[in-house]
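J.: Below is a structure I'd like to ask you about.
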Amino acid sequence: EADIARRVPDLIVSRAIDLQMQFHCIAWAIETVQFQFFLYTTIIKEAARRGIAFPGIPVTPDTDKTLRIQSLQPHMKNGLIRLGHNQNTMISQMKFWPEADHDDGPDALEMLWKLVTEHGATYEYVSAGGSGRYRKESDGWDDD
């Protein structure tokens, strides 16, 4: 869920902690360039003061923002990155980027994608029915 809005720092801190309490995220990518580093440390400290573990991972972009956002295109086209139909602000910012007034959504999405691809686990989904694990002929069950 993308929560894109202009907020003063106190509200950013409060909202991030509230979202962590609601969704129990396993990681947060937080940009730590200039003022954002202060924001990162403030979120961590305030969450700790409230007794909440906040898994913030500091991110310092090392490449051009334009290139980083453009790198999302193939992943969106092939369906690895999908946006919910209710994500109007994010959809608008992605659709009209780079001409849009703001690029906070695409920038945050790129940081999230990088976090997931660098730190996420890989898995292969096999349905219970397709695994053959619970078939009567192979599990030793007698149904008589």
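The sequence shown begins at 24 in our numbering and counts up one residue at a time.
Beta carbons are placed, not taken as given, at the ideal position from N, Cα and C, and that holds for glycine.
Small disclaimer: the values here were computed from a predicted structure and weren't measured.
#1: Do you know whose CA, among F77, W136 and A76, lies nearest L103's CA?
#2: For Q43, count neighbouring Cβ atoms within 10 angstroms of its own Cβ and tell me buried if that reaches 16, exposed if not.
#3: Tell me which residues share the same chain as I67 and place their Cβ nearer than 7 Å to its Cβ, disregarding the 5 neighbours each side in the sequence.
#4: What first and last residue would you give for the alpha helix (DSSP H) that runs through A76?
#5: Within the segment 28 to 105, note down every full beta strand (DSSP E) run reaching 3 residues or more, in order along the chain.
#6: Going by the CB atoms, is the gap between V82 and I53 shorter than 8 Å?
#7: In three-state terms, what does DSSP make of E147?
#8: Rounded C-beta distance between I35 and L62? I'm assuming under 8 Å.
T.: A quick look at the data gives this:
#1: W136
#2: buried
#3: F77 and G79
#4: Per DSSP, A76 belongs to no alpha helix (DSSP H) and is neither H nor E.
#5: The beta strand (DSSP E) runs of length 3 or more contained entirely in the segment 28 to 105 are, from start to end of the chain, 51 to 54 and 79 to 82.
#6: In this structure, V82 lies closer than 8 Å to I53 by Cβ.
#7: coil
#8: Contact flag correct, Cβ pair sits at about 6 Å.
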